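Each remark here refers to the structure printed beneath this line.
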Ligand SMILES: Nc1ncnc2c1ncn2[C@@H]1O[C@H](COP(=O)(O)OP(=O)(O)OP(=O)(O)O)[C@@H](O)[C@H]1O
Ligand SMILES: [Mg+2]
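Shown next, in the form of structure tokens:
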């Protein structure tokens, strides 16, 4: 079953490095929007994982950025842009287990090097654009 | 097969740190202190046993729809974690037992 919306539902959130307290706000709001549209539990779960991992990556690696979501007929699009250091080697960053997270972040249980692979696994379309010293943009699409 | 959370709590003697709907079904547990690993591999109906006590565990539990978080070795959630769990209706349990003992007892209860 494809979700229908009369006009796109959108939202934007600001994300800041080190702001672990507000982590998850964007994915929580997004989940409740999807639930109100009776999107399948599976798609809600996949959207939650992808959005939260992307939020965390800005909070851990990305200096500052924004998450924007748009729900339209049959699909959810999430764009996460940051002005962090960028990613030198995308293939390496996509490998499960690769992480540059500092020790104190690892003590919190982040830094398993599984976030980007999780985002890829849970999205129907996924794209990374990154420029070293300028920032990173993730585009995630989940069919709903 | 599975048991309701209320029965699991009674049989394993967990302390309820943050309460909620105890009629959720438990069919196993996932053990990990790595949050992205839990997002990748935990399943609905699995308790999550972890040493992590900071607020991000609440978001992980909500997203994955886990029945409850279990803190071993007598750990307590940080105050900010407990507050967030109340808000998001996430159940947090605590046990004086080690992760090994909790998992073993749960295994016997569910599969024994
Ligand atoms: N937004 C970003 N800006 C700069 N570097 C990034 C960004 N996102 C990811 N990276 C780089 O890619 C690596 C792998 O990212 P990934 O999300 O897979 O793992 P992690 O964040 O290190 O750990 P986990 O997600 O398991 O907590 C990171 O350690 C970091 O070096
Ligand atoms: Mg990550």
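Chains as they are written, first to last, in this note's numbering: chain A, 101 to 244; chain B, 23 to 134.
Backbone N, C-alpha and C fix where the C-beta goes; we use that ideal spot for every residue, glycine too.
Small disclaimer: the values here were computed from a predicted structure and weren't measured.
Residues near residue i in its chain [Cβ-Cβ closer than 6 Å; skip 5 each side]
i, result
"residue 118 of chain A", "none"
"residue 42 of chain B", "111, 113"
"residue 165 of chain A", "115, 158, 181, 182"
"residue 83 of chain B", "91, 112"
Beta-carbon neighbours of residue i, restricted to chain B and to distances below 9 Å
i, result
"residue 210 of chain A", "56, 57, 58, 78"
"residue 120 of chain A", "76, 77, 78"
"residue 123 of chain A", "77, 78, 81"
CA-to-CA distance, residue j to residue i, given in whole angstroms
i, j, result
"residue 108 of chain A", "residue 118 of chain B", "50 Å"
"residue 190 of chain A", "residue 227 of chain A", "11 Å"
"residue 52 of chain B", "residue 132 of chain A", "26 Å"
"residue 159 of chain A", "residue 60 of chain B", "19 Å"
"residue 202 of chain A", "residue 34 of chain B", "37 Å"
"residue 122 of chain A", "residue 134 of chain B", "42 Å"
"residue 234 of chain A", "residue 186 of chain A", "6 Å"
Residue i: contacting residues in chain A (beta-carbon distance under 8 Å)
i, result
"residue 61 of chain B", "149, 152, 153, 214, 218"
Contact list for residue i against chain A, beta-carbon separation under 9 Å
i, result
"residue 53 of chain B", "Neighbours of residue 53 of chain B on chain A: none; closest Cβ ~12 Å, over 9 Å."
7 Å CB neighbourhood of residue i in its chain, flanking five on each side removed
i, result
"residue 214 of chain A", "196"
Proximity test, residue i beta-carbon vs ligand 2 heavy atom, cut-off 7 Å
i, result
"residue 156 of chain A", "yes"
"residue 153 of chain A", "yes"
"residue 223 of chain A", "no"
"residue 215 of chain A", "yes"
Listed by chain order, chain B residues near residue i by CB distance under 8 Å
i, result
"residue 127 of chain A", "81, 85"
8 Å CB neighbourhood of residue i in its chain, flanking five on each side removed
i, result
"residue 210 of chain A", "156, 160, 201"
Distance cut-off 7 Å: residue i Cβ against heavy atoms of ligand 1
i, result
"residue 185 of chain A", "yes"
"residue 73 of chain B", "no"
Contacts of residue i in chain B (Cβ-Cβ under 7 Å)
i, result
"residue 164 of chain A", "What residue 164 of chain A touches in chain B: nothing, since even the nearest Cβ is about 19 Å away."
query: Unbroken beta strand (DSSP E) runs of length 3 or more, entirely within the region 67-92 of chain B: which are they?
result: With a minimum length of 3 residues, the continuous beta strand (DSSP E) runs that stay inside the region 67-92 of chain B are 68-71.
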